[in-house]
Amino acid sequence: MHRGWLARRLSYVLFIQERDVHKGMFATNVTENVLNSSRVQEAIAEVAGELNPDGSAQQQSKAVNKVKKKARKILQEMVATVSPAMIRLTGWVLLKLFNSFFWNIQIHKGQLEMVKAATEMNLPLIFLPVHRSHIDYLLLTFILFCHNIKAPYIASGNNLNIPIFSTLIHKLGGFFIRRRLDETPDGRKDILYRALLHGHIVELLRQQQFLEIFLEGTRSRSGKISCARAGLLSVVVDTLSTNTIPDILIIPVGISYDRIIEGHYNGEQLGKPKKNESLWSIARGVIRMLRKNYGCVRVDFAQPFSLKEYLESQSQKPVSAPLSLEQALLPAILPSRPSDAADEGTDMSINESRNATDESRRRLIAYLAEHILFTASKSCAIMSTHIVACLLLYRHRQGIGLSTLVEDFFVMKEEVLARDFDLGFSGNSEDVVMHAIQLLGNCITITHTSKNDEFFITPSTTIPSVFELNFYSNGVLHVFIMEAIIACSLYAVLKKRGPGGPASPSLVSQEQLVRKAASLCYLLSNEGTISLPCQTFYQTCHETVGRFIQYGILIVAEQDDQEDISPGLAEQQWDKKLPEPLSWRSDEEDEDSDFGEEQRDCYLKVSQSKEHQQFITFLQRLLGPLLEAYSSAAVFIHNFGGPVPEPEYLQKLHKYLITRTERRVAVYAESATYCLVKNAVKTFKDIGVFKETKQKRVSVLELSNTFLPQCNRQKLLEYILSFVVL
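No gaps in the numbering here: position 80 of the sequence shown is 621 in my numbering, and each next residue is one more.
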């Protein structure tokens, strides 16, 4: 017995000791090399010149020394000094901790072999994971360490730069950067900081180090993948363009949790200010973690790709300017608006004055960031808690028997697999469902019914519980997002044609449906990356409608049924108002494409089978909270009394949505999350509803001239409501 106990304890120590990690793996002389680089020297001279524009040579020398001292201080925070001993010690601690509060950490053996093969190419690697939890920082390093792959240098927000903890992070490869790369306290560009960061990244990559960058910038508070923040990625692209590094390999990484260690982000979603991290809060978090079980974790590595090849392929096909939300949506919202109406408050004048090369480069980096995030999102496994939370919110909100829930869980699991997504669980469906219910804890009520002698499962209706369930449900939203967009657009088109609604046998134009869906994609584009940037929304919607036909949900009408059908006058006007780039031109496709311009529009009818109708309803409900948040925000604009600082407006709008929920006016309580409030306001700014000005570094909102008339604000509301299924 004692021998077995000793063997178990020693096995951890022996495993850690056998890992291949040593000082020679990591970067050396980083600070001095960065300070001596030509770009940093130029930045130091420029900043010193600004401090002392008309001084003597002696004063200039003093100014240079002062700036150098400042640069060295910045690099002390930025540059990590990796300690192999600390990596081993942390590896041993994490082995113990992860075993205590995770059931398992799942990794695909073939994917790890693929990563190992990439490390043998003698090129720097950049891992770009999705960001769900603070554990993400440690998880990837731990997995790579366990499989004898060099630990990456991790870009961390400077909010984690707290005493003691910051030393640990530095010794594990973490380096701290500002949330905003370019701004000084007085709002100007920080030339010195940008040069130091650029020099630091160049030096790490020149020494063939690996990096870990979180493109979302911060942890997702909604459970969805956030929009990319490409600031640090632009530094990486700049680095490659200097020709000091032959190539860089990019590896998107998907991370999925049954339950995140934070549990939820209800405080922030209820509008409470984010608490600053402290050593005490971290200690409390660790103690709390030890008392609970967080289920399974799944980490997936996508196929590594060459950044050099990607950039070369993009340079061969010029990156066209994407439609702004204003260009894409105003013709749909205000069809009678003159097409050449003055677009005051838009960024047209800025775009015209900006260097075309810089603008093209910006788009290139934005597309690269979207491509990486979409790939990482596609790599994320779907967990049991995601499916159970989704079913309880959008199929069985009033509650359901356990046996029926298990049946629906099995069906949805198969639907996920059919869409080429992977699962982070296996085994008997009933056991897996019970595991998920246990992890979702207080969000679910379980009662025993004597009538059928089975358990009845009901989602809790309190606001925090619904917010938490929505967080986990959003883990599966990206699997069905395009189909949900088609389902809501189908409702909108059929509702416009007549009172029958989606259950009516009315026919719908495929072209009209695709265009309507493309406009909804634009409306929801701030909710995350919906499709690959190399595809237009029109293309993606066309493909999804094709899948609906394949599934039998939509049926191509017989020739006789199509004879006397033509779009109404309003639809024709709307189609004419749509900008050209919404179209999918055949010259962009292969010659044998089935979607050439000469293809005749066909008409579709909706399957009346119970199974298909239930699936359409489920898809429409998935977007219910988003559309309710946006439509409620449009209602709130009717009483806009601006100009008003944006933080104040966000607070007022959020309070309005919470009040709707508390009074049970809202259909979906989760429509009141703070994330949706911010996204709705950002979308309205992008559409041109609001003009935005800066006053003392605070954004101030006021209505644009286009939306000053109440009738136009009403049209905005009607446009959003057209997709809402009541």
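Ideal Cβ placement from N, Cα and C applies to all residues, glycine included.
task = Can you have a look at residue 1011 and say buried or exposed, based on whether 16 or more other CB atoms are within 10 angstroms of its CB?
result = Buried is the call here.
query = With distances taken between CB atoms, is the gap from residue 751 to residue 666 smaller than 9 Å?
reply = With contacts defined by Cβ atoms closer than 9 Å, residue 751 and residue 666 form a contacting pair.
ask   = Start and end of the alpha helix (DSSP H) containing residue 1000?
value = Segment 995-1000 is the beta strand (DSSP E) holding residue 1000; no alpha helix (DSSP H) there.
key: Contact between the segment 912-923 and the segment 1064-1083 (3+ Cβ pairs under 8 Å)   = Yes: at least three Cβ pairs fall under 8 Å.
inquiry  = So, does the segment 987-995 touch the segment 763-774, judging by three or more C-beta pairs under 8 Å?
reply    = When Cβ pairs closer than 8 Å are counted between the two stretches, the segment 987-995 is seen not to touch the segment 763-774, the count staying below three.
query = So the alpha helix (DSSP H) residue 678 belongs to, where does it begin and stop?
reply = Per DSSP, residue 678 belongs to the alpha helix (DSSP H) from 676-687.
message = On a Cα-Cα basis, can you pick out the residue from 965, 748 and 986 that is closest to residue 648?
response = The residue with the shortest Cα to Cα distance from residue 648 is 965.
Rounded separation between residue 1288 and residue 1182 - CA only = Absent from the structure is residue 1288, since the part of the chain shown begins at 542 and ends at 1267.
task = Starting from residue 948, follow the alpha helix (DSSP H) in both directions and report where the run begins and ends.
result = Start and end: 943-959.
query = What are the residues that DSSP puts in a beta bridge with residue 779?
reply = In the DSSP output, where bridge partners are listed per residue, residue 779 has none listed.
task = Could you check the C-alpha separation between residue 1180 and residue 1203 for me, to the nearest Å?
result = Computed Cα separation, rounded: 21 Å.
request  = Give me the Cα-Cα distance between residue 963 and residue 761, rounded to the nearest whole angstrom.
outcome  = Using only the alpha carbons, I get a separation of about 21 Å.
ask   = With burial defined as no fewer than 16 other Cβ atoms inside 10 Å of the residue's Cβ, what is the status of residue 959: buried or exposed?
value = Looking at its Cβ environment, which holds fewer than 16 other Cβ atoms inside 10 Å, residue 959 is exposed.
query = What residue does the alpha helix (DSSP H) around residue 601 start on, and which one ends it?
reply = Looking at the DSSP string, the run of the alpha helix (DSSP H) that includes residue 601 is 598-619.
Strand pairing of residue 645, partner residues [DSSP] = In the DSSP assignment, the residues bridged to residue 645 are 837.
task = Could you work out which residue in 733, 696, 813 and 799 is closest to residue 756 when comparing CA atoms only?
result = Nearest of 733, 696, 813 and 799 to residue 756, Cα basis: 696.
query = Looking at C-beta atoms only, is the number of pairs between the segment 1246-1258 and the segment 1011-1025 that lie closer than 8 Å three or more?
reply = With a cut-off of 8 Å, the segment 1011-1025 and the segment 1246-1258 do not count as touching, because too few Cβ pairs lie within range.
message = Can you look up residue 1266 in the DSSP assignment and give me helix, strand or coil?
response = Under the three-state reduction of DSSP, residue 1266 is assigned to coil, being neither helix nor strand.
task = Taking residue 1178 as the reference, give the member of 1222, 1153 and 600 with the closest Cα.
result = The shortest C-alpha to C-alpha distance from residue 1178 to any of 1222, 1153 and 600 is the one to 1222.
Selection from 687, 904 and 850 that minimises the alpha carbon distance to residue 769 = By alpha-carbon distance to residue 769, the top candidate from 687, 904 and 850 is 904.
task = Using 10 angstroms around the beta-carbon of residue 1067, count the other beta-carbons present and answer buried if the total reaches 16, otherwise exposed.
result = Its Cβ being crowded by 16 or more others within 10 Å, residue 1067 is buried.
ask   = Around the C-beta of residue 626, are 16 or more other C-beta atoms found within 10 angstroms, so that it is buried, or is it exposed?
value = Burial check for residue 626: the Cβ neighbour count within 10 Å stays below 16, so the residue is exposed.
inquiry  = Assuming contact is defined by CB atoms lying nearer than 9 Å, are residue 1093 and residue 1030 in contact in what I supplied?
reply    = Residue 1030 sits away from residue 1093, with the two beta carbons spaced by 9 Å or more.
ask   = So, is residue 657 buried or exposed, given that buried needs 16 or more other C-beta atoms within 10 angstroms?
value = Looking at its Cβ environment, which holds fewer than 16 other Cβ atoms inside 10 Å, residue 657 is exposed.
query = Does DSSP put residue 1190 in a helix, a strand or coil?
reply = Of the three classes helix, strand and coil, the one that applies to residue 1190 here is helix, per DSSP.
query = Where residue 987 and residue 978 are concerned, what is the direct C-alpha to C-alpha distance, given to the nearest angstrom?
reply = Approximately 9 Å between the Cα atoms of the pair.
ask   = In the structure shown, what three-state DSSP assignment does residue 736 receive?
value = DSSP places residue 736 in helix when its eight states are reduced to three.
task = Provide the residue(s) that pair with residue 1050 in DSSP beta bridges, ordered along the chain.
result = Answer is 1144, bridged to residue 1050.
task = Could you work out which residue in 1235, 1236 and 1231 is closest to residue 1243 when comparing CA atoms only?
result = Among 1235, 1236 and 1231, the Cα nearest to that of residue 1243 belongs to 1231.
ask   = Of the residues 642, 684 and 1056, which one's Cα is nearest the Cα of residue 653?
value = Closest in C-alpha terms to residue 653, from the list 642, 684 and 1056, comes 684.
inquiry  = Considering only their Cβ atoms, is the gap separating residue 936 from residue 1162 smaller than 9 Å?
reply    = In contact: residue 1162 and residue 936 (Cβ atoms closer than 9 Å).
request  = Leaving aside the five residues before and after residue 846 along the sequence, list all residues of the same chain whose C-beta is less than 6 Å from its C-beta, in chain order.
outcome  = Counting only Cβ-Cβ distances below 6 Å, and skipping sequence neighbours, we find 791.
ask   = Can you tell me whether residue 1206 is buried or exposed, with buried defined as 16 or more other CB within 10 angstroms of its CB?
value = Within a 10 Å sphere around the beta-carbon of residue 1206 sit fewer than 16 other beta-carbons, which makes this residue exposed.
request  = Let me know if residue 1057 comes out buried or exposed under the rule of 16 or more other beta-carbons within 10 Å of its beta-carbon.
outcome  = Around the CB of residue 1057, 16 or more other CB atoms lie within 10 Å, so the residue is classed as buried.
ask   = In the structure shown, what three-state DSSP assignment does residue 668 receive?
value = Annotated three-state conformation of residue 668 is strand, per DSSP.
query = From 1026, 981 and 969, pick the residue whose C-alpha is nearest to that of residue 1014; which is it?
reply = A check of alpha carbon separations from residue 1014 across 1026, 981 and 969 identifies 981 as the nearest.
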